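Here's the structure we're looking at; comments come further down.
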Amino acid sequence: MGRTQSPSQPQVADGRSPLWRGHNVFRVVTFLYACYGVIGQYGDYQRPWLALVVISLMAVWTVFTIWRYRTRRGRTNRMVLLDCIVVTVLFLSSEFILTEAQMLSAKPSVATVWHSTMVTVAAAQWGMFGGLASGIIATACNYLIRGYSAADTSLDTLLLIGSGLVLGLASDTARKSTERLARALRAEAATAERERLARDIHDSVLQVLARVRRRGAELGGEASELAKLAGEQEIALRALVTTSPQETTEDGETDLAAQLQVLRTGRIHVSIPGNPVRLPEPLSTDLFAVVREALANVEKHAGEDAQGWVLLEELPDAIVLSVRDDGPGIAEGRLEQAAAEGRLGVAKSIRGRVESLGGTITLETALGEGTEWEVWVPHPGAAQGKRRRGGKR
Numbered sequence: 062m063g064r065t066q067s068p069s070q071p072q073v074a075d076g077r078s079p080l081w082r083g084h085n086v087f088r089v090v091t092f093l094y095a096c097y098g099v100i101g102q103y104g105d106y107q108r109p110w111l112a113l114v115v116i117s118l119m120a121v122w123t124v125f126t127i128w129r130y131r132t133r134r135g136r137t138n139r140m141v142l143l144d145c146i147v148v149t150v151l152f153l154s155s156e157f158i159l160t161e162a163q164m165l166s167a168k169p170s171v172a173t174v175w176h177s178t179m180v181t182v183a184a185a186q187w188g189m190f191g192g193l194a195s196g197i198i199a200t201a202c203n204y205l206i207r208g209y210s211a212a213d214t215s216l217d218t219l220l221l222i223g224s225g226l227v228l229g230l231a232s233d234t235a236r237k238s239t240e241r242l243a244r245a246l247r248a249e250a251a252t253a254e255r256e257r258l259a260r261d262i263h264d265s266v267l268q269v270l271a272r273v274r275r276r277g278a279e280l281g282g283e284a285s286e287l288a289k290l291a292g293e294q295e296i297a298l299r300a301l302v303t304t305s306p307q308e309t310t311e312d313g314e315t316d317l318a319a320q321l322q323v324l325r326t327g328r329i330h331v332s333i334p335g336n337p338v339r340l341p342e343p344l345s346t347d348l349f350a351v352v353r354e355a356l357a358n359v360e361k362h363a364g365e366d367a368q369g370w371v372l373l374e375e376l377p378d379a380i381v382l383s384v385r386d387d388g389p390g391i392a393e394g395r396l397e398q399a400a401a402e403g404r405l406g407v408a409k410s411i412r413g414r415v416e417s418l419g420g421t422i423t424l425e426t427a428l429g430e431g432t433e434w435e436v437w438v439p440h441p442g443a444a445q446g447k448r449r450r451g452g453k454r
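Residue numbers for the sequence shown follow the numbering used here, beginning at 62 and rising by one.
Here it is in structure tokens:
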């Protein structure tokens, strides 16, 4: 058989790319303005030669950063941090270039508005937090070399911090939109691949299992046992290929109801609410593990003909899970004896896990009457007063 080719992951363009292009253009424009300022003040500088060195370094750094930021690969945290440091150092060099009179008369520094590009690059990379932090640092550097507070420095403060916040907000929004689009495309690709596999399986494996089930039932005897196994595997496989792939939402939640569907077999019946039961991913994983461990006990101890039922209910203040079987039940004192002998599957995997979630678990059983575990855990949305839709108890 040939190897099945997995679908390629959809490539999503970075939603922040327009911000980066805008930053690059802004850096070029501000550099040209800085060149104009140096030409106009060149004869008045305390160290004109140093002004030429700084403007040359600004030119090299402008070209280099534009080259780096042209692709997504070059926009690393390390590169952006280095960029902010270099811009800050070049801006502070005006302390050794401008005369005292130029400083007091609010003459522009050598870097002038090119200095603000450290704010735009930090905001594009790190969002509102980066824009705010870089704006504060740029403002502090401005006050450091000027040594006074006036209307012009106050305006610079407003522009630096305000632009950092606004551009940072735009960056955060673009990043979240990109992540949502990527998740949607991944889910779409996974669904398409699942549908393709379902068609292939239906045309091959499921048809074979269905034929074995029918033929084994007709022959009877030992063949009926094979028919029964084939029927169980057919049900389990159908449940697997028809269950939607689970994606964690941007809030870190997964659908517990969809997870439980894959447990459905010919012997295990799963009943879930009609709506998704979205829970934090760690909580959903732990509850799924509890149900799986309880079903493992059904498989081991309830007998080959025993049936199992899983019921999920979502209440406004609680998540309730019930796992029941029609097996022989558990004799009184048997669980305590198993724990004393070191067999801690129930004590640790089930009870211990539920207690760590802040929930409770009860067991109802008697010889000849089957076993039922009922798990109750607080609904994570209850603390915020959220009421989620789901099954009714």
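From the three backbone atoms N, C-alpha and C, an ideal C-beta is built for every residue, glycine too.
Please read all numbers here as calculations on a predicted model, not as lab measurements.
Secondary structure at T423: strand, using DSSP grouped into helix, strand and coil. Considering only G76, I422, H330, G429, the residue with the shortest C-alpha distance to R241 is G76.
Between the alpha carbons of D217 and T126 lies a distance of about 24 Å. Between the stretch 191-210 and the stretch 220-229 there are three or more inter-stretch CB-CB distances shorter than 8 Å, so the stretches are counted as touching.
By alpha-carbon distance to F152, the top candidate from S170, R136, R139, P79 is S170.
For R325, the closest of L205, T315, L372, C145 by C-alpha to C-alpha distance is L372. Distance from the CA atom of V174 to the CA atom of Y130, rounded to whole angstroms, is 20 Å. Given a length threshold of 3 residues, each whole run of the beta strand (DSSP E) inside the stretch 329-370 is given here in chain order: 329-332, 339-341. The DSSP-derived three-state label of A379 is strand. Note on W434: 16 or more other CB atoms within 10 angstroms of its CB, so buried under the neighbour-count rule. DSSP places V269 within a helical segment (H, G or I) once states are collapsed to three.
DSSP places E435 in the uninterrupted beta strand (DSSP E) bounded by 432-439. Approximately 6 Å separates the beta-carbon atoms of V89 and T123; this is inside 8 Å, confirming the contact. Bridge pairing for E240: absent [DSSP]. For T160, same chain residues with a beta-carbon under 8 Å away, outside a window of 5 residues either side, are D105, Y106, Q107 in chain order. Less than 8 Å divides the Cβ of L356 from the Cβ of G369. Secondary structure note for E314: its beta strand (DSSP E) is the uninterrupted segment 314-316.
Under DSSP, L373 shares a beta bridge with L382. Nearest Cα to G327 within the set G313, E360, Q320, V182: E360. Inter-residue distance for I391 and V323 is about 27 Å (C-alpha atoms, whole angstroms). For D105, there is no enclosing alpha helix (DSSP H), since its DSSP letter is neither H nor E. With fewer than 16 other Cβ atoms from the protein chains shown falling within 10 Å of its own Cβ, I100 counts as exposed. Comparing C-alpha distances from S166 to each of R236, G188, T214 shows the shortest one belongs to T214.
Taking the Cα of Y97 as reference, the smallest distance to any Cα among R412, V86, A112, G313 is reached at A112. In the structure shown, R88 falls within a helical segment according to DSSP collapsed to helix, strand and coil. Secondary structure at S154: helix, using DSSP grouped into helix, strand and coil. Excluding the 5 residues flanking it on each side, F349 has same chain C-beta neighbours closer than 8 Å at L317, Q320, L321, in chain order. With respect to L228, A172 sits apart: the two C-beta atoms are not nearer than 8 Å. When the five nearest sequence neighbours on each side are left out, the beta carbons in the same chain lying within less than 7 Å of the beta carbon of D387 are those of A367, Q368, G431, in order along the chain. The three-state secondary structure of R131, taken from DSSP, is coil.
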